[in-house]
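Chains as they are written, first to last, in my numbering: chain A, 1 to 141; chain B, 1001 to 1190; chain C, 2001 to 2169.
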Amino acid sequence: MSYYFAMIGTRDNPIYEAELGTFKQGGDGTPKFSAEMKELNPFIIHSSLDIVEDLQWATNSLYLKIIDNYYGYYVSAYVTPTNIKFMLLHENKNEENIKQFFIEVNDLYLKTLLNPFYSVNDPIKSTMFDSKIKLLTKKYL
Amino acid sequence: MSKAVRTAADEIWKNRVEKINVELFTLTYGSVVSQLCRDLNNNYCEVNKQLEIMGENIGVRLIEDFLARTGAGRCNSFKETGEIISKVGFKIFLNIVPQVTNWTDNGKQFSLVFDENPLAEFVELPDDGKAVKELWYSNVLCGVLKGALQMVQLDVDVSFVSDVLRGHDQTEIKLRLIRYLKDEIPAGED
Amino acid sequence: MTIYSLYILNKAGGLIYQQDYNPGLLKLSANDYLVLAGTIHGVHAIASKITPFSLRDDSAAAGQSLLNTNSFLNHPLPVNYTSNKTGLNFIQTDFFNIYLFQSLTGIKFILVTSPNGVLSNNLTNAELILRKIYIIFSDYVMKNPFYNLEMPIRCELFDLKTTQLLKPV
Chain A
1 MSYYFAMIGT RDNPIYEAEL GTFKQGGDGT PKFSAEMKEL NPFIIHSSLD
51 IVEDLQWATN SLYLKIIDNY YGYYVSAYVT PTNIKFMLLH ENKNEENIKQ
101 FFIEVNDLYL KTLLNPFYSV NDPIKSTMFD SKIKLLTKKY L
Chain B
1001 MSKAVRTAAD EIWKNRVEKI NVELFTLTYG SVVSQLCRDL NNNYCEVNKQ
1051 LEIMGENIGV RLIEDFLART GAGRCNSFKE TGEIISKVGF KIFLNIVPQV
1101 TNWTDNGKQF SLVFDENPLA EFVELPDDGK AVKELWYSNV LCGVLKGALQ
1151 MVQLDVDVSF VSDVLRGHDQ TEIKLRLIRY LKDEIPAGED
Chain C
2001 MTIYSLYILN KAGGLIYQQD YNPGLLKLSA NDYLVLAGTI HGVHAIASKI
2051 TPFSLRDDSA AAGQSLLNTN SFLNHPLPVN YTSNKTGLNF IQTDFFNIYL
2101 FQSLTGIKFI LVTSPNGVLS NNLTNAELIL RKIYIIFSDY VMKNPFYNLE
2151 MPIRCELFDL KTTQLLKPV
């Protein structure tokens, strides 16, 4: 099972994206998307942005669960209070774990924000952030 | 002697010092540094210099506050100065106690090794190649030490040796005594 | 013991602050105050030079770093401490007493008070007051970012706090 994770900023610009593979059931953590899927992933996420913007006003909670479906691939979303959207493309419904994953990514994002050299909507290029995301994948996905 | 010094400093920190939120402090210092970088067009050498000048301004005023609060007298040797700086000075103002190490044989130079730096929590230097090689993020501390010691007639050269933000193992500041400013000692002291 | 006035001198001996706390005092001209300050600065320095060597050794031994001794831990404010061990400390006349405190950075605080009989009591009191003034100084003057060092003190808060401390209620 592979996952495609993206963080979208307030101007609909991607801040961070990563292809992650599952560690459960003997997976080794490498993402296995076919070549066509690799190209389509960002588009799928982008097209569901409209749905996110509608849904975020409908509910009080930050975690928006599964918002879209593309031929068997589910898209889940989480919106931070400052309108940064975390989107995850996944194949199996795993709501509880995905929710925990999003919450921990939120914590990581907060720490990035505390860096005085980082302004909102800047792309996140830090390798530390990358490795921490990989650790979180190991834990939850 | 150091045990008594340490307990005295703890007592001052607990009772006679007003405290603020550390994140507010870190964020304020962070925005100062990042704004300086933006204003000076990422000329990190110039940023270092400005941070040191700011620090000196702070230091000449901070020393009076330190002397008034602790009632400390003149130190008898540079070694004693080092101990007081690390155990009382840093404890009172930043609630950290750096280690005093690397004394040279003539006792005129030592290093302070920090295992934590409240100024630089959560900071990552920008990724433009130059910052990691040129910017000393906490350079204001060097200025503070230099300015404060200057007001008590010690001409000291203070500079960073290594910094965890730059990828080194530890944060270390080197203090080197250049000379005693004998002609400026207020009348009555020896 | 009532406090008549407070003078603060900078490192070079120039007057940077002067305040009277007793309305009955005669006012001198500004020039006279400056001359007075300079004179005290000079006399203080001369006094340190003419202190006999034997006294000087004693006071050097006694003046160890205060952090060594218990007095630092027990008293809320360190007492009996003045930075200069051999300079002028205290002048007593029939009409007034003068107490002098010099910090490690060269700033002198001079307190002029009414004359009084008991010596040691007054000395301790005066030292305590001078210490408190030093703390107020380091707070309201030093921490004012617009105050330039060694310049005359023009800080309202400092005036307010010292008047609160020194004016008899």
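Glycine included, every Cβ here is placed at the ideal spot set by N, Cα and C.
Because the structure is a prediction, the values reported are computed rather than measured.
Own chain partners of residue i with C-beta closer than 8 angstroms, once the 5 adjacent residues on each side are dropped
i         : result
Lys1087/B : Ser1002, Val1005, Arg1006, Ala1009, Val1097
Leu20/A   : Ser2, Tyr3, Tyr4, Phe5, Gly29, Pro31, Ile133, Lys134, Thr137, Leu141
Ile67/A   : Ser48, Ile51, Val52, Leu55, Val75, Ser76, Ala77
Arg1061/B : none
Thr112/A  : Tyr118, Ile124, Ser126, Phe129
Lys38/A   : Glu19
Burial state of residue i, where buried means 16 or more other Cβ atoms lie within 10 Å
i         : result
Pro116/A  : buried
Leu1024/B : exposed
Gly1089/B : buried
Asn2070/C : Confidence at Asn2070/C is low in this model, with a pLDDT of 35, below 50, so its placement is unreliable and no value can be given for it.
Gly2106/C : buried
Ile1085/B : buried
Pro2052/C : exposed
Trp1136/B : buried
Pro2115/C : exposed
Ile2135/C : buried
His1168/B : exposed
Phe1066/B : buried
Thr2039/C : exposed
Pro2145/C : exposed
Interface residues of chain B facing residue i [CB-CB closer than 8 angstroms]
i       : result
Pro81/A : Result: empty, since nearest Cβ-Cβ is about 17 angstroms, beyond 8 angstroms.
Residue i versus the options, residue with shortest Cα-Cα distance
i         : options                                    : result
Lys132/A  : Leu141/A, Glu91/A, Val105/A                : Val105/A
Ile51/A   : Leu62/A, Tyr73/A, Ala77/A                  : Ala77/A
Thr1028/B : Lys1079/B, Asn1106/B, Leu1135/B, Glu1121/B : Glu1121/B
Gln1099/B : Ser1077/B, Glu1083/B, Val1164/B            : Glu1083/B
Tyr1180/B : Arg1166/B, Val1164/B, Gln1150/B            : Gln1150/B
Tyr143/A  : Ser48/A, Leu114/A, Phe33/A                 : The requested residue 143/A is not part of the displayed model; chain A covers only 1 to 141.
Ala2012/C : Ile2098/C, Asp2094/C, Lys2108/C            : Lys2108/C
Lys1133/B : Glu1018/B, Lys1014/B, Cys1045/B            : Cys1045/B
His90/A   : Gly9/A, Thr10/A, Ala18/A                   : Ala18/A
Ile2174/C : Gln2164/C, Val2141/C, Phe2146/C, Leu2025/C : Since the first residue shown for chain C is 2001 and the last is 2169, residue 2174/C is missing from the structure and cannot be characterised.
Lys1197/B : Val1156/B, Leu1094/B, Thr1026/B            : Outside the displayed range of chain B (1001 to 1190) lies residue 1197/B, so it cannot be described from this structure.
Arg1038/B : Ala1131/B, Val1161/B, Glu1064/B            : Ala1131/B
Phe86/A   : Val75/A, Asp130/A, Met37/A                 : Val75/A
His46/A   : Val120/A, Pro81/A, Asp12/A                 : Asp12/A
Glu2127/C : Asp2139/C, Cys2155/C, Ser2029/C, Ser2103/C : Ser2103/C
Gln2164/C : His2044/C, Ile2129/C, Ser2029/C, Asp2094/C : Ile2129/C
Leu2028/C : Ser2005/C, Thr2124/C, Pro2152/C            : Ser2005/C
Asn97/A   : Tyr73/A, Leu40/A, Thr22/A, Leu114/A        : Thr22/A
Phe43/A   : Trp57/A, Ala58/A, Ile8/A, Asp122/A         : Ile8/A
Nonlocal neighbours in the same chain, by C-beta distance under 6 angstroms from residue i, ignoring five residues either side
i         : result
Asn2010/C : Ile2016, Glu2150
Leu2034/C : Leu2015
Glu1140/B : Here residue 1140/B is Val; the residue named in the question, Glu, does not match the sequence. Cβ neighbours of Val1140/B beyond the five flanking positions: Leu1051, Met1054, Gly1055.
Glu1080/B : none
His2075/C : Residue confidence for His2075/C is low, a pLDDT of 37 falling below 50, so the modelled location carries little weight; the figure read from the coordinates is stated next. Answer for His2075/C: no residue qualifies.
Val1022/B : Pro1118
Tyr2099/C : Phe2090, Leu2111, Ala2126
Val1161/B : Glu1172, Lys1174
Val1158/B : Cys1142, Leu1145, Lys1146, Leu1175
Same chain only: Cβ atoms within 7 angstroms of residue i, ignoring 5 sequence neighbours per side
i         : result
Ile2003/C : Tyr2021, Leu2111, Thr2113, Leu2166
Ile1012/B : Arg1069, Thr1070, Ile1092
Phe101/A  : Leu136, Tyr140, Leu141
Glu95/A   : Lys65
Val1164/B : Gln1170, Thr1171
Within chain B, the residues that residue i reaches when beta carbons sit closer than 7 angstroms
i         : result
Tyr2134/C : Ala1068
Met2142/C : Arg1061, Glu1064, Asp1065
Ser2138/C : Glu1064, Asp1065, Ala1068
Leu2157/C : The premise fails here: Leu2157/C is roughly 15 angstroms from chain B at the closest Cβ pair, so nothing lies under 7 angstroms.
Leu2165/C : Going along chain B, no residue has its Cβ under 7 angstroms from Leu2165/C, so there is no contact; the nearest lies around 14 angstroms.
Lys125/A  : Asp1127
Contact list for residue i against chain C, beta-carbon separation under 7 angstroms
i         : result
Asp1128/B : Here the premise fails: no neighbours, minimum Cβ distance about 32 angstroms.
Neighbouring residues, chain C, relative to residue i (Cβ below 8 angstroms)
i         : result
Val1152/B : Leu2104, Thr2105
Arg1166/B : The contacting residues do not exist; Arg1166/B stays about 30 angstroms from chain C at best.
Residue i: contacting residues in chain A (beta-carbon distance under 8 angstroms)
i         : result
Ser1031/B : Pro116
Ser1034/B : Pro116, Phe117
Closer than 9 angstroms at the beta carbon, the chain B residues around residue i
i         : result
Lys111/A  : Phe1122
Leu2036/C : Ordered by position in chain B, no residue passes the 9 angstroms Cβ test against Leu2036/C, which lies about 17 angstroms from the chain.
Leu2149/C : Val1060, Arg1061, Met1151
Closer than 9 angstroms at the beta carbon, the chain A residues around residue i
i         : result
Leu1094/B : Chain A residues near Leu1094/B: none, gap ~18 angstroms exceeds 9 angstroms.
Contacts of residue i in chain C (Cβ-Cβ under 9 angstroms)
i         : result
Arg1179/B : Under the 9 angstroms cutoff, chain C gives no residues; its nearest Cβ is about 17 angstroms from Arg1179/B.
Inter-stretch contact (C-beta, 8 angstroms, three-pair minimum) for the region 2158-2166 of chain C and the region 2017-2034 of chain C: yes
Sufficient close CB pairs (3 or more, under 8 angstroms) joining the region 1047-1065 of chain B to the region 1141-1154 of chain B: yes
The region 1162-1181 of chain B in contact with the region 1106-1115 of chain B per 3-pair CB rule at 8 angstroms: yes
Sufficient close CB pairs (3 or more, under 8 angstroms) joining the region 96-115 of chain A to the region 59-79 of chain A: yes
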